[in-house]
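Numbering (this note's numbering), first residue to last: 67 to 385. Idealized CB from N, CA, C, for every residue including glycine. All values derive from a computational prediction rather than experimental measurement. Take a look at the structure below.
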Amino acid sequence: MDISIIIPVYNVERYLKDCLDSIIQQSNEIMLQAIIVDDGSSDRSQTIAKHYTMLYPDIFEYHRKTNGGLSDARNYGVRFAKGTYLMFLDSDDYLREDACFALFTCLKKTQADVVLYDYISFDEHQQKAVTMLASDSGFISDRQYLLTQPTAWNKIVKTEAYKQHHITFPKGIWYEDRATTGAYINFAKRIYYLQQPLYYYRQRTNSIMNQQMYHPKMLDMKTAIAYMLEQLDIQRYHDEVEYICISNLIYQSGERLLPHHKKEEMAMFVRYMNDLFPNWEKNPYYLKRSKLYQSICKAIKQNHLGIARRLFHLKNKMV
Numbered sequence: 067m068d069i070s071i072i073i074p075v076y077n078v079e080r081y082l083k084d085c086l087d088s089i090i091q092q093s094n095e096i097m098l099q100a101i102i103v104d105d106g107s108s109d110r111s112q113t114i115a116k117h118y119t120m121l122y123p124d125i126f127e128y129h130r131k132t133n134g135g136l137s138d139a140r141n142y143g144v145r146f147a148k149g150t151y152l153m154f155l156d157s158d159d160y161l162r163e164d165a166c167f168a169l170f171t172c173l174k175k176t177q178a179d180v181v182l183y184d185y186i187s188f189d190e191h192q193q194k195a196v197t198m199l200a201s202d203s204g205f206i207s208d209r210q211y212l213l214t215q216p217t218a219w220n221k222i223v224k225t226e227a228y229k230q231h232h233i234t235f236p237k238g239i240w241y242e243d244r245a246t247t248g249a250y251i252n253f254a255k256r257i258y259y260l261q262q263p264l265y266y267y268r269q270r271t272n273s274i275m276n277q278q279m280y281h282p283k284m285l286d287m288k289t290a291i292a293y294m295l296e297q298l299d300i301q302r303y304h305d306e307v308e309y310i311c312i313s314n315l316i317y318q319s320g321e322r323l324l325p326h327h328k329k330e331e332m333a334m335f336v337r338y339m340n341d342l343f344p345n346w347e348k349n350p351y352y353l354k355r356s357k358l359y360q361s362i363c364k365a366i367k368q369n370h371l372g373i374a375r376r377l378f379h380l381k382n383k384m385v
């Protein structure tokens, strides 16, 4: 078996066929194991998944479990993986028709432990290509890798190494990819960036995470960061980890919380950041960011949240 693809499924009857059809369209030169993990769906997802498993038993296998969330479904699926390589596909997304061939060819040629690749972000109105790095295809350092987008679904890894290092996604929280994918550097000696958009990521307007309202799960970022820190050598990757914390605990959390006037919650993130890295404003990656970015972070640190909100508004008008 060449590639195992973990597909967590939960109430996605509207999109599941697109996802599974994209597996069927992959090159028959690549031996695929598509592991569908039904996380207790209550809609027609179970019927659809079983139908594909019946039609294509050499490709799909179906497993149903009690609902435990995305992380739990991914972790559950990994135990069945038999392929040389492992990747994740969310069930409302789909792959480019030559994705697996391109990835397997790249892996055989480069002998990489991890390959990350670009993707297409789309909704019902438009689509745009998202590049992971401003460079051509090629090997990248572990430090470069840490600073890329931490999504699980645009990476393929060696299955044996993934299992040997006991990589797992934390259950029950948002931002599980931020918590987990950085740990790939613990086993990846060769990391390759493939500058091809091989994955189609669906932006769902009805998704809880994409809605503009406040949700208490936004506070899970602290848990995700704590989980990430347990996996990484903070001394070795001090500057990279510190910058990741600035980006997630200060800037991005501010962008999510300040429109809802969540002062206490924002103060909690700032305290946590200051406890972790008291001198974070001297971070070399942070100092390379725009003056606007730095001004927003500084305003948040100093509890000038009204100023930070206005600066975020200015930033959004400039986009």
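C-beta contact flag for residue i and residue j at 8 Å
i           : j           : result
residue 195 : residue 263 : yes
residue 46  : residue 108 : What is shown of the chain runs 67 to 385, which leaves residue 46 out entirely.
residue 309 : residue 257 : no
residue 359 : residue 317 : yes
residue 244 : residue 284 : no
residue 149 : residue 69  : yes
residue 156 : residue 219 : yes
residue 165 : residue 269 : no
residue 241 : residue 290 : yes
residue 216 : residue 176 : no
residue 221 : residue 180 : yes
residue 233 : residue 249 : yes
residue 71  : residue 89  : yes
Span separating the alpha-carbon of residue i from that of residue j
i           : j           : result
residue 267 : residue 307 : 26 Å
residue 159 : residue 78  : 10 Å
residue 231 : residue 142 : 16 Å
residue 288 : residue 167 : 38 Å
residue 261 : residue 121 : 34 Å
residue 87  : residue 213 : 33 Å
residue 351 : residue 193 : 30 Å
residue 311 : residue 201 : 24 Å
residue 355 : residue 139 : 37 Å
residue 254 : residue 133 : 32 Å
residue 348 : residue 144 : 40 Å
residue 364 : residue 357 : 10 Å
residue 380 : residue 336 : 22 Å
residue 174 : residue 80  : 36 Å
residue 265 : residue 362 : 33 Å
residue 353 : residue 118 : 51 Å
residue 203 : residue 154 : 21 Å
residue 384 : residue 129 : 47 Å
residue 344 : residue 271 : 38 Å
residue 296 : residue 382 : 34 Å
residue 116 : residue 127 : 8 Å
residue 73  : residue 320 : 32 Å
Proximity to residue i [Cα-Cα], best of the options
i           : options            : result
residue 330 : 369, 299, 349      : 369
residue 187 : 364, 198, 178      : 198
residue 236 : 363, 71, 136, 356  : 136
residue 83  : 95, 96, 102        : 102
residue 169 : 341, 353, 259, 290 : 259
residue 371 : 145, 343, 333      : 333
residue 223 : 345, 151, 208, 240 : 151
residue 225 : 95, 147, 379       : 147
residue 94  : 115, 129, 117, 125 : 125
residue 367 : 71, 154, 339       : 339
residue 206 : 71, 265, 178       : 178
residue 67  : 118, 100, 302      : 100
residue 342 : 115, 304, 162, 90  : 304
residue 328 : 282, 300, 298      : 282
residue 85  : 302, 163, 301      : 163
residue 185 : 161, 172, 171, 208 : 161
residue 298 : 346, 209, 278, 227 : 209
residue 315 : 227, 182, 346, 183 : 346
In DSSP terms, what residue i is bridged to
i           : result
residue 224 : 151
residue 127 : 101
residue 265 : 161, 185
residue 107 : BP columns for residue 107 are empty, so no partner.
residue 204 : 259
residue 195 : 186
residue 70  : 99, 152
residue 75  : 104
residue 180 : 223, 257
Check: residue i C-beta below 7 Å from any heavy atom of the ligand FAD
i           : result
residue 250 : With respect to small molecules bound, the structure shown includes none, and the ligand FAD cannot be examined in it.
Chain B contact for residue i (CB, 8 Å cutoff)
i           : result
residue 209 : The structure shown has no chain B; it contains just one protein chain.
Inter-stretch contact (C-beta, 8 Å, three-pair minimum) for the segment 365-384 and the segment 316-332: yes
I'd like to know if the segment 174-192 and the segment 87-106 are in contact, where contact means that at least 3 CB-CB pairs between them fall below 8 Å. no
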